[in-house]
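Position in the sequence shown (from 1) plus 1091 gives the number in the working numbering. A short worksheet on the structure shown next.
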Amino acid sequence: MQQQTDINDFAVQSFAHSVEVLIEERRHWEQNAFKSANDYLYDLLTQIYRIYDETCTCDESGKARREWLKQQLAEKDIKCKGKASFMHLLTKLVFSESGVNSRRVNTYARVLNIAASTNSVLHFNDLKDFIIQHGGIEEIRTSISKSGRNKAIREEKARELALSSESILQIGLTENYGNEDGEIVTLLGVLNKDGTCEIKHVCKQENINKKSGGTAIKSVLANFYASKLAATRQ
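Set out below in structure tokens:
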């Protein structure tokens, strides 16, 4: 029993040090890039995800870390739901006593929880690409505001299905669109009676003019996923 207590104490001390380092990084972010540098925010969220990935365990040490988080938040008079996730508690503590309001911090935690539930974030270094691919924090926040994380998860599964499904047609684009292997795009086409389709426009997540096509791509992915789901039920 004493040995397990010592192990738990060491685990909490090490965890506490890591969290304090993150809090200091958050202070630096606030002082130097609070309103302008999303990249720094994404890096900070990535480090939160890294600590979560390394320390959120179901053993006694994991339980001790969770209790420490709850105790720290209680001492700062920060309220959390009794069943708040480890990620939520950790994010709350890192952003405690900051200039970020609680609703925004909750959004960060929810986005991190969504990332943890997808197959796209298999390593903490995947998080930044995941956020950018889905249009940023605000876009993800909008997607989870009503339907919860299911919408973002459906979108992620639709992307996976699109990459793994058989092609019905392959075309060569006549212009250089800065193509990336595996990038999801939508095409505006005009269908002719003879079955040919004239491609009039290529919609990318973000083109050279910085015009985002993310909304259009999300709509097509939703339609694609619904069609695939309906086909499996027939």
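For each residue, glycine too, the CB sits at the ideal point set by N, CA and C.
Best match in 1149, 1158, 1187 and 1170 for proximity to residue 1115 [C-alpha to C-alpha]: 1187
Alpha carbons only, please: which of 1220, 1275, 1260 and 1227 is nearest the one belonging to residue 1250? 1275
Rounded C-beta distance between residue 1182 and residue 1196? I'm assuming under 8 Å. 6 Å
Near residue 1167, which residues of its chain fall below 6 Å by C-beta distance, leaving aside the five closest residues on each side in sequence? 1187
Neighbourhood of residue 1159 by C-beta distance below 6 Å, restricted to the same chain and skipping five residues each side: 1103
Spatial distance of residue 1208 from residue 1283 (CA atoms): 42 Å
Around the C-beta of residue 1309, are 16 or more other C-beta atoms found within 10 angstroms, so that it is buried, or is it exposed? buried
Sheet register partners of residue 1290 (DSSP bridge): 1280
Residue environment, residue 1106, which counts as buried when at least 16 other CB atoms sit within 10 Å: buried
Terminal residues of the alpha helix (DSSP H) in which residue 1262 lies: Unbroken run through residue 1262: none, as it is neither H nor E.
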